[in-house]
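In this note's numbering, the protein residues as written are 469 to 662.
Below is one structure; the comments refer to it alone.
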């Protein structure tokens with residue numbers, strides 16, 4: 469492999485710094501989860517607000533592996549913070565696909581950057597899996613929320629919401645990518661992304 473295409477210390481620092489910033493944004497939004505209606509809305513809100521950070525990150529991404537590493541780290545963080553291993557598994561696949569999408573535009577296509585963020589954002593969807601596929605286990609560890617909260621959230625999340633939330637995460641990711649692109653226009657111009 470050409471040494472200019474290998475990840476170097478600076479690249480890994482960017483992965484770490486932007487993953488940390490992205491995580492702070494996501495965790496700040498997650499605090500709203502104490503209000504049941506926000507749980508399904510996370511499928512839009514997290515990709516929307518996370519898109520600003522992610523798009524700024526893409527101005528630093530010029531080598532294969534940086535998006536994949538971020539998605540793996542996000543999966544590990546979600547697993548360690550009590551969600552499930554699904555975010556690591558599916559998030560890694562989504563991150564790899566996003567990596568190939570952005571690379572296909574030679575790290576210079578704004579359209580590919582937005583699409584890459586839409587695909588990357590699918591990791592958010594995996595956090596809903598325990599609610600749909602093993603609710604007894606999920607709620608057994610969250611009894612402190614109270615019966616009223618649990619009942620309300622279950623009414624907001626029938627099984628048919630699972631594919632709806634998948635689509636919402638992708639669309640939220642596209643919107644977040646577009647928003648990030650508009651807000652960070654001068655950063656993209658400076659990075660040569662058009």
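Here a beta-carbon is modelled for each residue, glycine too, at the ideal position from N, C-alpha and C.
As the structure is a prediction and not an experimental result, all values here were calculated from the model.
Checklist entry - From residue 508 to residue 647, what does the alpha carbon distance come to, in whole angstroms? => result For the purposes of this step, residue 508 is identified with residue 40 of the chain shown, where counting begins at 1. For the purposes of this step, residue 647 is identified with residue 179 of the chain shown, where counting begins at 1. Cα to Cα, the separation comes out at about 21 Å.
Checklist entry - By a C-beta neighbour count over all protein chains shown, 10 Å radius and 16 as the cutoff for buried, is residue 510 buried or exposed? => result Residue numbering aside, residue 510 sits at position 42 when the chain shown is read from its first letter. By the 10 Å Cβ count, residue 510 comes out buried.
Item to check | Candidates 529, 620, 619, of which the one nearest residue 585 by Cα | outcome: Reading the chain shown from its first residue, position 117 is the one you call residue 585. Considering only alpha carbons, the answer is 529.
Item to check | Cut-off 7 Å between Cβ atoms - residues of its own chain near residue 651, not counting five sequence neighbours on either side | outcome: One-based indexing of the chain shown puts residue 651 at position 183. The residues are 520.
Item to check | Through-space distance from residue 570 to residue 589, alpha-carbon basis | outcome: On the chain shown, residue 589 is found 121 positions in, with the first residue counted as 1. On the chain shown, residue 570 is found 102 positions in, with the first residue counted as 1. Distance between the alpha carbons of residue 589 and residue 570 is about 14 Å.
Next on the checklist: Excluding the 5 residues flanking residue 469 on each side, which residues of the same chain have their C-beta closer than 8 Å to its C-beta?
Outcome noted: Position 1 of the chain shown holds residue 469. In this prediction, residue 469 scores a pLDDT of 48, lower than 50, which makes its location untrustworthy; no coordinate-derived value is stated.
Checklist entry - Is it true that the CB of residue 642 sits closer than 8 Å to the CB of residue 582? => result Walking along the chain shown from the start, residue 582 turns up at place 114. Walking along the chain shown from the start, residue 642 turns up at place 174. Cβ distance < 8 Å, so residue 582 and residue 642 count as in contact.
Item to check | Rounded separation between residue 697 and residue 645 - CA only | outcome: Residue 697 falls outside the range modelled here, since the chain spans only 469 to 662, and no answer is possible.
Item to check | Per-residue DSSP class, three states only, for residue 646 | outcome: Taking the first residue of the chain shown as position 1, residue 646 is located at position 178. Here residue 646 sits in helix by DSSP.
Checklist entry - Cα separation between residue 604 and residue 623? => result Locating residue 604 in the chain shown gives position 136, counting from the first residue. Locating residue 623 in the chain shown gives position 155, counting from the first residue. Computed Cα separation, rounded: 15 Å.
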